[in-house]
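Just so you know, the sequences run in chain order A and B. The end of the first sequence is residue 1532 by my numbering, with every number in the run present. The end of the second sequence is residue 1532 by my numbering, with every number in the run present. Just below is one structure, and these are the notes that go with it.
Number of protein chains: 2
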Amino acid sequence: MRQPVDKTRSGRLRATIVDVANQAGVHVSTASRALNPKTDHRISSKMVGKIRRIAEQLGYSPNPLASSLRTQRTGTVGLIVPNLSDPLFAPIIASVQERAASDGYVTFVASSEYKPDKLLSIIETMSRHYVAGLVVASFELADPAADLCLALGVPTVAVLRDPGHHGISSIAMDDVEGMKAMVAHVLDLGHRDIAYITAPLAASTARNRLAGFAAAAALRSQAGFRFDVIEADAYDVDEGTRVVGRMLADGARSTAILCFNDLLAVGALLALRTAGIVCPEQVSVAGVNDLPFMGLLSPPLTSLHNAGRTLGQVGAELLMKLIADKDHPVTRVLLPSPVVIRGSTGPAPFATGTGQAPARKLAKRPAPR
Amino acid sequence: MRQPVDKTRSGRLRATIVDVANQAGVHVSTASRALNPKTDHRISSKMVGKIRRIAEQLGYSPNPLASSLRTQRTGTVGLIVPNLSDPLFAPIIASVQERAASDGYVTFVASSEYKPDKLLSIIETMSRHYVAGLVVASFELADPAADLCLALGVPTVAVLRDPGHHGISSIAMDDVEGMKAMVAHVLDLGHRDIAYITAPLAASTARNRLAGFAAAAALRSQAGFRFDVIEADAYDVDEGTRVVGRMLADGARSTAILCFNDLLAVGALLALRTAGIVCPEQVSVAGVNDLPFMGLLSPPLTSLHNAGRTLGQVGAELLMKLIADKDHPVTRVLLPSPVVIRGSTGPAPFATGTGQAPARKLAKRPAPR
DNA sequence: TAAGTTAGAGCAAACGTTTGCCCTTGACTC
DNA sequence: GAGTCAAGGGCAAACGTTTGCTCTAACTTA
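Shown next, in the form of C-alpha cells:
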C-alpha cells in the first residue's frame, strides 16, 4: 500500500507528478509525457487534455531539482561580475537577468572581487550546480578560468572583458577605437601634453584602452607633444584622487587627464579641486563608461559611452544560442564606444594651435565658486 | 555487474559518492556518513580519514541537486529587489550576497519590477527551487506576497521596505524620524513654504516618509507656514523633472522641495535649472538615500543617509538565524537615517525669521554660469 | 557467563523526475 | 486471413544523495 503523499511535510504543500498520475488513473510516465510538450505526441490528445487539466487543478508544477537531477540540465544560468557595487555592472546584471528570464532561466549572480582564484572557485561551484551556461564579466586576459569553463563543458560568453580565448565567444566595447577617439577629441581641443591613467593591465579593457591611447599617441610622436601613462592600482574614486594627487605633487604638466574609467576621473576631479586647479579651464578630465549622473557633475564629465544594457542583452542572447546549439560558432562582437563630450574637457590653456605648448607647471589658483 | 561510471558523460567529469565508496571498499552510506561532519561520529575515525582522503584525491564534491532533492533543503537563498538598475539596490545586493556566501549559500537575484504579481510569481518560482530563505526588498504594505512566503514556509526577511506583517522580520531605515529631521533642517533654514514629493503610497518607505513629513508639519500648523504634498507616479529622474515642471507651471511658491528619493530630487534640480531658478538661492532641494555621487552634483545634494550595506548585511544575517531556527522570534530593526547636509539646501530667500514669508511667485531668473 | 550495551558498518528505500524499452490493441496491407 | 505497423500507454531503471533500520561483533556489567 502506497502511503498517500503527506502534503504538510516540511511545510511545503506541493503536488507531485505521481499525485497527478494517480488522480488521472494513469502511470506516472504517461503523466510525464503528457505534461511535456516535447513528448506529448506519444499520448492521445484527449488523455493529454485530461492530465493537463488535473495538473492545473492540483496546482502541479514540476520539481526542478528532481528534473535537473535526472536530465543533468537546469534552468539556471550564472553571471559573474568583478564587483557588485560598481554602477558599471548594474545594467549588465539587469539585462542579462531579463534576457535569461525571457527564456525561462533564472540567474545566479556572483562577484569575483577582482580575484582570479575566486573566479575559478565560483565557476566550479556554478558548474556543480549544473548551470546551463555562464556569462562572465570578470575574465582577465589569457585567464585560466576560460580554460576551466571549456574543460567543464559549460557554455560561456564573456562580456565587457574578452579573455582572448579562441574557444570563448565575447561581446565588448571597442575600447581601442574609443580611446583613439578620445585622444583625438582632446588633441582637437589643442592639448599637447596628455596623461592617461590606466588600470592594471590584466584585463582586456585596460590593455585595449592603453593600446588605443598609444596608437593615437604614435601618430603625434613629434616634438611638442607629450603623452604620459600612469598606472593605477584600483578602479575607484579614491584611487583616482590618490594618483592625481601624486601627479600634482610630482609637478605634472599635463593639461588633459584621460582616465581608465569614470570613477578614477571623478577622483581626478576631486584632487584637482582640492589643489585649486580649475577643470576644464586649466586641466581637462575625461573618463570611460558614462555612468549615471556623470552628466550632472560639476563640471559634467566627458566620457566614453558604455552600452551596458546591450552588452548584457546581446551576451545573454548569445549564451542562449550556445546552450541550444553546442556547435554554435565562436563569435566576437565589438560595440562602438563614442565619445560623450561634456564640460570637463575644454580648450587647452594657452593653446596656440602650433602644437608647441609653453612649458608650464600646473598653477595653484583658488577654486572658483 | 555495475557499469563503471562514465566520466565523459555530457562533458562533465565528476566523481560521485559511489566512486568514492567503491574505491574505499565500503558501502555508499558509509561514505556519505564519513564525509558529513554531522554524522561522521558513526564511523570509525580511521575509516573517516581514509574515505576523506580518497574523496579528496578523486576531487569528489557532492552533487547539490541530488542532495537537495533528498533533504528538501538547498544551499541557496533568494533576493528580490524591485529594480536591478537603481543604484539604491547595488549595495544591498552586494552585501546580502557576501553575507550569504560566508555561510556557504549562493544567491538568486530577481527583480520584481515594482509589480506585485511579478513578486508573487518570483516567490513561487524560488520556493519551487527550494531556496533556504528569502530576502525581499520589494514588499508593499500588507502585501499578499508576505502571506505567500509564510504559507510556503520559507523563512523571509524584509529589507528596506517593511510589509508590516506580524510574521515577517524586517530591517529598514527609520524613514519617519529621518523625514522629520529633514523638515526640521529646512525649517531651521527659514523655509516656511515646503513641498514634499511623495512616491506611490503602496510602499512602507513612501508611507513613512510622508508620515514623518506630516508629523513635522503638524507641529507648525500655524498661519505663515505651508506644507504641500505632491504625488509622483514613479521613482526616477524623469518623473522628478515632470512633477516639478508641473509645479512651476502651476505657480508653486514653495522655497524648499523635499523629494521621496534622490532620483526625483535630481529631476527636480534639472527642472529648476531649465526654468532658470537657482538652487539653493531661490529654491532648496533635498532627496533621500544619498546615492553615490550625490555629493558631487552641482549643487551637491542634501539627502538622508541610507545604510544600504548594513541593510543587506543585517538582513542576511537575520535570515541565517531564521533558517537555523524556525522559531526565531520575529524581529524588527530600524536604522537611523541622518540628514546629510550639502549645498542644495540653503537659507530661505527673504527669510525673516518671523515665520511670515511674503507671498511670492518663483521668479524666472537667468541660469548662472 | 549470560544478558545487555555499544560501535561500526551495510541494506534499501526515498526524494520526484525522465526515458529506453516492452506490451497490447486495432488498423492496414498483400 | 496471416503478417506488419503504428499508436498509446505501462514498466522500471536511473540521476546522486541521505537516513531509518538492521545486523554483527566486541565490549560491559552484574
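All C-beta atoms in this analysis are idealised placements derived from N, C-alpha and C, irrespective of residue type, glycine included.
Collapsed DSSP secondary structure at B/N1371 in the structure displayed: Here residue 1371 of chain B is taken as the residue at index 208 of the second sequence, counted from 1. In the structure shown, B/N1371 sits in a helix (DSSP, three-state: H, G or I).
Cut-off 6 Å between Cβ atoms - residues of its own chain near B/L1364, not counting five sequence neighbours on either side: Here the question's residue 1364 of chain B lines up with position 201 in the second sequence. The answer, listed in chain order, is R1370.
Start and end residues, beta strand (DSSP E) containing A/L1297: Here residue 1297 of chain A is taken as the residue at index 134 of the first sequence, counted from 1. First-last of the beta strand (DSSP E) with A/L1297: G1296 to V1299.
Buried or exposed (CB count within 10 angstroms, at least 16 for buried), B/V1322: As a working mapping, residue 1322 of chain B is identified with position 159 in the second sequence. Buried.
Proximity test, Cβ basis, 8 Å: B/Y1293 and chain A: As a position in the second sequence, residue 1293 of chain B is number 130, starting the count at 1. Cβ-Cβ to chain A under 8 Å: yes for B/Y1293.
Euclidean distance between Cα positions of B/H1491 and B/P1318: Residue mapping note: residue 1491 of chain B aligns to position 328 of the second sequence, counting from 1. Residue mapping note: residue 1318 of chain B aligns to position 155 of the second sequence, counting from 1. Taking the straight line joining both Cα atoms gives about 10 Å.
Pair within 8 Å by beta-carbon distance, B/G1238 and B/V1269: Looking up residue 1238 of chain B in the second sequence gives position 75. Looking up residue 1269 of chain B in the second sequence gives position 106. Yes, Cβ-Cβ distance for B/G1238 and B/V1269 is below 8 Å.
Integer Cβ distance of A/S1507 from A/P1462, believed to fall under 8 Å: Here the question's residue 1507 of chain A lines up with position 344 in the first sequence. Here the question's residue 1462 of chain A lines up with position 299 in the first sequence. Correct: roughly 5 Å between the Cβ atoms.
Beta strand (DSSP E) segment containing A/V1191, residue limits: By 1-based counting over the first sequence, the position of residue 1191 of chain A is 28. No beta strand (DSSP E) holds A/V1191; the alpha helix (DSSP H) holding it covers V1191 to L1198.
is_contact[B/T1465, chain A] using C-beta, thresh 8 Å: Here residue 1465 of chain B refers to the residue found at position 302 of the second sequence. Closer than 8 Å: no.
Residue range of the unbroken alpha helix (DSSP H) whose run includes A/L1426: Residue numbering aside, residue 1426 of chain A sits at position 263 when the first sequence is read from its first letter. Unbroken alpha helix (DSSP H) run through A/L1426: D1425 to A1438.
C-alpha gap between B/F1271 and A/I1256, whole angstroms: Within the second sequence, numbered from 1, the residue matching residue 1271 of chain B stands at position 108. Within the first sequence, numbered from 1, the residue matching residue 1256 of chain A stands at position 93. Their Cα atoms are separated by approximately 12 Å.
Minimum Cβ-Cβ distance from B/S1507 to chain A less than 8 Å: Within the second sequence, the letter at position 344 stands for residue 1507 of chain B. No, B/S1507 lies away from the interface with chain A (no Cβ there is under 8 Å from its Cβ).
Proximity test, Cβ basis, 8 Å: A/T1270 and chain B: For the purposes of this step, residue 1270 of chain A is taken as residue 107 along the first sequence, with counting starting at 1. Answer yes: the Cβ-Cβ gap between A/T1270 and chain B drops below 8 Å somewhere.
Integer Cβ distance of A/A1419 from A/H1354, believed to fall under 8 Å: For the purposes of this step, residue 1419 of chain A is identified with residue 256 of the first sequence, where counting begins at 1. For the purposes of this step, residue 1354 of chain A is identified with residue 191 of the first sequence, where counting begins at 1. With a Cβ gap of about 4 Å, A/A1419 and A/H1354 count as contacting.
Buried versus exposed, by CB contacts within 10 Å (16 or more), B/K1260: Within the second sequence, residue 1260 of chain B is the residue found at index 97, counting from 1. The question names Lys, but residue 1260 of chain B in the sequence shown is Gln. The residue is buried, with at least 16 neighbouring Cβ atoms inside 10 Å.
Three-pair Cβ contact test at 8 Å for the region 1290 to 1303 of chain B versus the region 1426 to 1442 of chain B: no
N-terminal and C-terminal residue of the beta strand (DSSP E) that B/M1457 is part of: Here residue 1457 of chain B is taken as the residue at index 294 of the second sequence, counted from 1. It is not in any beta strand (DSSP E) - B/M1457 carries neither H nor E in the DSSP assignment.
Member of A/H1292, A/L1421, A/A1194 and A/L1474 whose CA lies at the smallest distance from the CA of A/H1348: In the first sequence, residue 1348 of chain A corresponds to position 185, counting from 1. The shortest C-alpha separation from A/H1348 is found at A/L1421.
Closest Cα partner of A/Y1293 within the set A/R1205, A/P1307, A/A1305 and A/C1312: Taking the first residue of the first sequence as 1, we reach residue 1293 of chain A at position 130. When only C-alpha atoms are compared, the closest one is A/C1312.
Pair within 8 Å by beta-carbon distance, A/E1394 and A/T1437: In the first sequence, residue 1394 of chain A corresponds to position 231, counting from 1. In the first sequence, residue 1437 of chain A corresponds to position 274, counting from 1. No, the Cβ-Cβ distance between A/E1394 and A/T1437 is not below 8 Å.
A/I1286 versus A/P1279 - alpha carbon distance: Here the question's residue 1286 of chain A lines up with position 123 in the first sequence. Here the question's residue 1279 of chain A lines up with position 116 in the first sequence. Near 11 Å, if we compare the C-alpha coordinates of A/P1279 and A/I1286.
A/T1270 - DSSP class collapsed to helix/strand/coil: Walking along the first sequence from the start, residue 1270 of chain A turns up at place 107. It is a strand residue.
Short CB-CB distance (under 8 Å) between B/F1388 and chain A: Position 225 of the second sequence, counting from 1, holds the residue named residue 1388 of chain B. Not one chain A Cβ lies under 8 Å of B/F1388.
Same chain, Cβ closer than 8 Å to B/R1236, neighbours up to 5 away in sequence not counted: Along the second sequence, one-based indexing puts residue 1236 of chain B at 73. Closer than 8 Å at the Cβ level, and outside the excluded window around B/R1236, lie Y1293 and A1295.
Limits of the alpha helix (DSSP H) - the one that A/G1475 falls within: Mapped onto the first sequence, residue 1475 of chain A falls at position 312. Per DSSP, A/G1475 belongs to the alpha helix (DSSP H) from G1471 to A1487.
Alpha carbon of B/P1250 to alpha carbon of B/A1397, nearest angstrom: Walking along the second sequence from the start, residue 1250 of chain B turns up at place 87. Walking along the second sequence from the start, residue 1397 of chain B turns up at place 234. Going from the Cα of B/P1250 to the Cα of B/A1397 covers about 15 Å.
B/V1211 and B/D1203 closer than 8 Å at C-beta: Position 48 of the second sequence holds residue 1211 of chain B. Position 40 of the second sequence holds residue 1203 of chain B. Result yes, Cβ atoms of B/V1211 and B/D1203 sit closer than 8 Å.
Nearest-angstrom Cα separation, counted from B/A1470 out to B/A1536: Shown here, chain B extends from 1164 to 1532; a query on residue 1536 of chain B therefore has no answer.
Sequence-distant residues of its chain with Cβ nearer than 6 Å to A/M1457 (five each side left out): On the first sequence, position 294 is the one that residue 1457 of chain A refers to. Once the five neighbours on either side are set aside, the close Cβ partners of A/M1457 are D1425, L1464 and S1466.
Where B/V1446 falls, given that 16 or more other Cβ within 10 Å makes a residue buried: As a working note, residue 1446 of chain B is residue 283 in the second sequence. Classification of B/V1446: buried, given that the 10 Å Cβ count is 16 or more.
Chain A contact for B/T1437 (CB, 8 Å cutoff): For this step, residue 1437 of chain B is matched to residue 274 along the second sequence. So no, B/T1437 is outside the interface.
Cut-off 7 Å between Cβ atoms - residues of its own chain near A/I1486, not counting five sequence neighbours on either side: In the first sequence, residue 1486 of chain A corresponds to position 323, counting from 1. Closer than 7 Å at Cβ, skipping near neighbours: A1295, G1296 and P1318.
Cβ-based neighbour list, A/A1379, same chain, cut-off 6 Å, excluding 5 preceding and 5 following: What you label residue 1379 of chain A is simply residue 216 of the first sequence in a count that begins at 1. Counting only Cβ-Cβ distances below 6 Å, and skipping sequence neighbours, we find K1343 and V1346.
Cβ-Cβ distance between A/S1265 and A/G1475 below 8 Å: Position 102 of the first sequence holds residue 1265 of chain A. Position 312 of the first sequence holds residue 1475 of chain A. No, Cβ-Cβ distance for A/S1265 and A/G1475 is not below 8 Å.
As assigned by DSSP and simplified to three states, the class of A/P1529: Counting from 1 along the first sequence, the entry for residue 1529 of chain A is found at position 366. Reliability of the predicted coordinates at A/P1529 is poor, the pLDDT of 41 falling under 50, and the value obtained from them is presented with this limitation in mind. A/P1529: coil per DSSP, three-state reduction.
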